[in-house]
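Counting from 1, one number per residue, gives the positions in the sequence shown under the UniProt record's numbering. In this text, a Cβ means the ideal position worked out from N, Cα and C, and glycines have one as well.
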Amino acid sequence: MVRVLLADDDALVRAGLRLMLRGAAGIEVVAEAADGAAVADAVRDSAPDVVLMDIRMPVMDGITATREVTGAPEPGPRVIVLTTFDAEGLVLRAMRAGAAGYLLKHTDPEEIVEAVYRAARGEPVLSPSAARALIDHAAAGDGTDTRTADAARRLALLSPREREIADAVADGRSNAEIGERLFLSVGTVKATVSSALAKLGLDNRIQLALLAHDARRHDAVDAPEEFS
């Protein structure tokens with residue numbers, strides 16, 4: 001059974017989500033929160049597997065609440081941001097805060113239900129516009145800012161195998177695809193990803209992919225020029 005917490009300041013939105021999820025097999029809505037500040041307490045009290053998190057809420061916004069929930073020392077729930085806003089900056093902030101997914105509220109109900117299942121399995125969940133925002137971010141910039149330098153420094157903490165797999169994650173490859181490419185079992189790939197996340201203090205594959213993209217941009221700028 002996948003336990004779900006609904007975090008949204010609009011009671012009608014929460015009611016609609018509750019009704020939608022009630023009809024899904026293997027999903028139970030265990031708690032609700034009407035503002036961001038109430039989310040952490042609701043997580044502690046109800047131990048959800050997945051949180052559907054709005055961004056604009058009173059007292060504390062959903063991105064700050066996501067960071068608070070995912071940054072706890074003990075393993076926490078997977079957070080799917082469910083919002084009406086798809087600006088690139090918000091997508092990136094949510095992913096860096098630890099969100100495992102980003103969906104828009106006009107997403108089809110069947111897709112939202114499937115996203116809950118996928119998040120509970122540890123898989124990333126992105127709307128097409130959110131995925132595009134991450135791709136645009138990866139392609140943009142000249143790699144000279146402080147963030148990319150910090151990303152390169154952090155990635156240097158990984159073993160060669162962990163870095164190789166981190167780069168494959170950044171390319172959007174699944175565990176099965178990485179295993180086939182590197183002649184490793186899926187279990188070995190999963191264990192290596194988990195090891196890399198632990199070393200870097202990250203919560204999920206999306207954060208690892210963003211960090212690897214930033215490190216690549218820094219490495220590309222620092223690479224020595226070749227002359228013919």
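{"query": "Classify Glu-162 as helix, strand or coil using the three-state DSSP reduction.", "result": "helix"}
{"query": "How would you call Arg-18, buried or exposed, if buried means at least 16 neighbouring beta carbons within 10 angstroms?", "result": "exposed"}
{"query": "Please report the distance separating the alpha-carbon of Ala-166 from that of Ala-215.", "result": "11 angstroms"}
{"query": "Distance, Cα to Cα, Ala-152 vs Thr-146?", "result": "10 angstroms"}
{"query": "Assess, as a yes-or-no matter, whether the region 2-22 is touched by the region 49-67 under the definition of 3 or more beta carbon pairs within less than 8 angstroms.", "result": "yes"}
{"query": "Quick one: Cα of Met-95 to Cα of Val-189, how far?", "result": "22 angstroms"}
{"query": "What alpha helix (DSSP H) runs, 4 residues minimum, are completely inside the region 73-131?", "result": "88-97, 109-120"}
{"query": "Any contact between the region 105-116 and the region 64-75? By contact I mean 3 or more CB pairs, one from each, below 8 angstroms.", "result": "no"}
{"query": "Keeping to the same chain, check which residues put their C-beta closer than 7 angstroms to that of Ala-130; ignore five residues upstream and five downstream.", "result": "Asp-86, Val-91, Tyr-102"}
{"query": "Around the C-beta of Leu-208, are 16 or more other C-beta atoms found within 10 angstroms, so that it is buried, or is it exposed?", "result": "buried"}
{"query": "Could you tell me the distance, in whole angstroms, from the CA atom of Met-57 to the CA atom of Val-81?", "result": "12 angstroms"}
{"query": "Measure the alpha-carbon distance for Ala-97 versus Phe-183 and round it to whole angstroms.", "result": "33 angstroms"}
{"query": "Classify Ile-206 as helix, strand or coil using the three-state DSSP reduction.", "result": "helix"}
{"query": "Can you tell me whether Leu-184 is helix, strand or coil according to DSSP?", "result": "coil"}
{"query": "Ala-99 and Val-79 - do their beta-carbons sit closer together than 8 angstroms?", "result": "yes"}
{"query": "Which of the three DSSP states, helix, strand or coil, is assigned to Ile-63?", "result": "helix"}
{"query": "Could you tell me the distance, in whole angstroms, from the CA atom of Asp-171 to the CA atom of Val-43?", "result": "33 angstroms"}
{"query": "Please list the terminal residues of the continuous alpha helix (DSSP H) segment that includes Ala-151.", "result": "146-155"}
{"query": "My assumption, with CB atoms under 8 angstroms, is that Pro-124 sits in contact with Asn-204. Please give the rounded CB distance.", "result": "7 angstroms"}
{"query": "So, is Thr-70 buried or exposed, given that buried needs 16 or more other C-beta atoms within 10 angstroms?", "result": "buried"}
{"query": "Using DSSP's beta-bridge definition, name the partner residues of Ile-27.", "result": "Val-2"}
{"query": "Note down the Cα distance separating Glu-68 from Ala-133, rounded to an integer number of angstroms.", "result": "24 angstroms"}
{"query": "Less than 8 angstroms separating the beta-carbons of Ser-195 and Glu-164?", "result": "no"}
{"query": "Sorted by chain position, which residues of the same chain lie with C-beta nearer than 8 angstroms to Leu-178's C-beta, five sequence neighbours on each side aside?", "result": "The displayed chain sequence assigns Ile, not Leu, to residue 178. The residues are Ile-165, Ala-168, Val-169, Leu-184, Val-189."}
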